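Here is the structure we will look at.
Residue numbers (the numbering used here): 146 to 425.
Now the structure itself:
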């Protein structure tokens, strides 16, 4: 396996869960990802589902906390891939100072501002380099890809799918940041990574992109009503809902009563999302 370093591997529901590192030419340094190969992958190539995690997460969170997601991947015959949420240890001053910017907070954009632009190219990494690496080294069906994510990762999944509908057959999200141009998290990240010209921000705002580009199939979003970030106007699903309505984009936005922003929320509804992708 060229350029791949296996860190650890575990048997899980008849398949294999592996944690890998590799040198990323896109991010100019080491990147990590987790991959679950279902038992079916030993017989034939299988579809791939990418999961993008939220702020402060690594490649490990989803695989450990998402409520037996390996069991579902084994049941539906899907390879699951979860990359890290940013480059790490790049030597950039202040990289680790804030929980919502820098390490663990790549926001799935290609940074254009110094000093971030040399390493923080998460959009290109997720859309181009990582899938090429996965396809070259694992038994995948590259024409059958889906993408989903949580919070910052939900934002990333929506942006990647809307901008590359030919690459992703399906998309869904848990409590995504759907209008980053309008919320404090997004404004801080976009200012830092993309600079002050807000025109360039539109390329990474799902509520702007859906009006311009649309998507070829229905988008599934789950949002907990007790999510504190909903109340703080960080997520703004109503903005995305209105944008979809404006262009007749099919959207299945489900408000889940009493659920918060945690992995308990994700693990409760993960099967619906896996099924959504498997059907597509």
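We treat Cβ as the ideally placed atom computed from N, Cα and C, and that holds for glycine. As the structure is a prediction and not an experimental result, all values here were calculated from the model.
So, helix, strand or coil for residue 299, using DSSP? Residue state, collapsed to three classes: helix.
From residue 410 to residue 370, what does the alpha carbon distance come to, in whole angstroms? Using only the alpha carbons, I get a separation of about 11 Å.
Relative to the alpha-carbon of residue 278, which residue among 177, 220, 357 has its alpha-carbon at the smallest distance? Measuring from the Cα of residue 278, the nearest candidate turns out to be 177.
Local conformation of residue 257 per DSSP, three classes: DSSP places residue 257 in the coil class of the three-state scheme, outside both helix and strand.
Suppose you measure from the CA of residue 189 to the CA of residue 299; what does that come to, to the nearest Å? For the pair residue 189 and residue 299, the Cα-to-Cα distance works out to about 30 Å.
Could you have a look at residue 214 and say whether DSSP puts it in helix, strand or coil? Residue 214 carries a helical assignment under DSSP once its states are collapsed to helix, strand and coil.
Using a Cβ distance threshold of 8 Å, determine whether the segment 379-391 contacts the segment 315-326, with at least three qualifying pairs required. Segment contact: the segment 379-391 against the segment 315-326, three or more CB-CB distances shorter than 8 Å; contact assigned.
Residue 390, DSSP secondary structure in three states: Helix at residue 390.
Does the ligand MN have even one heavy atom less than 7 Å from the beta-carbon of residue 298? Ligands displayed in this structure: none; no statement on the ligand MN is therefore possible.
Where do the N-terminal and C-terminal ends of the alpha helix (DSSP H) with residue 424 fall, by residue? It spans 408-424 - the alpha helix (DSSP H) in which residue 424 sits, taken as one unbroken run.
Please name the residue, chosen from 186, 216, 179, 185, that lies closest to residue 198 on a Cα-to-Cα basis. The candidate whose alpha carbon is nearest that of residue 198 is 179.
For residue 185, which residues in the same chain have their Cβ closer than 7 Å to its Cβ, ignoring the five residues on either side in sequence? If we look at residue 185 and ignore the five residues flanking it on each side, its Cβ neighbours are 191, 222.
In chain order, which continuous runs of the beta strand (DSSP E) of length 3 or greater are located wholly inside the segment 261-335? Entirely contained in the segment 261-335, the beta strand (DSSP E) runs reaching 3 residues are, in chain order, 285-295, 315-319.
Residues in the same chain with beta-carbon distance under 6 Å from residue 422, minus the five sequence neighbours each way, listed in chain order, please. For residue 422, where only same-chain residues beyond five positions count, the Cβ hits under 6 Å are 194, 291, 315.
Could you give the distance in angstroms between the alpha-carbon of residue 345 and the alpha-carbon of residue 388? For residue 345 and residue 388, the distance between alpha carbons rounds to 19 Å.
What is the residue span of the alpha helix (DSSP H) that residue 358 lies within? Element bounds for residue 358: 351-358.
Exposed or buried, which one is residue 417 when buried takes at least 16 other CB atoms within 10 Å? By the neighbour-count criterion, in which 16 or more other beta carbons inside 10 Å mark a residue as buried, residue 417 falls on the exposed side.
Using 8 Å as the threshold, is the C-beta distance between residue 398 and residue 368 below it? For residue 398 and residue 368, yes; Cβs fall inside 8 Å.
Apart from the five residues just before and just after residue 251, which ones in its own chain have a Cβ nearer than 6 Å to its Cβ? If you ignore the 5 residues before and after residue 251, its C-beta comes within less than 6 Å of the C-beta of 230, 231, 265, 267, all in its own chain and listed in chain order.
Please report how far the alpha carbon of residue 174 lies from the alpha carbon of residue 351, in whole angstroms. Cα-Cα distance, rounded: 28 Å.
In terms of alpha-carbon separation, which member of 347, 158, 400, 365 lies closest to residue 213? The shortest Cα separation from residue 213 among 347, 158, 400, 365 belongs to 158.
Compute the Euclidean distance between the alpha carbons of residue 165 and residue 362, then round it to the nearest angstrom. Spanning the two alpha carbons is a distance of roughly 32 Å.
Leaving out the 5 sequence neighbours to the left and right, which residues in its chain are closer than 8 Å to residue 170 when beta-carbon positions are compared? So the list reads 274, once near-sequence residues are dropped.
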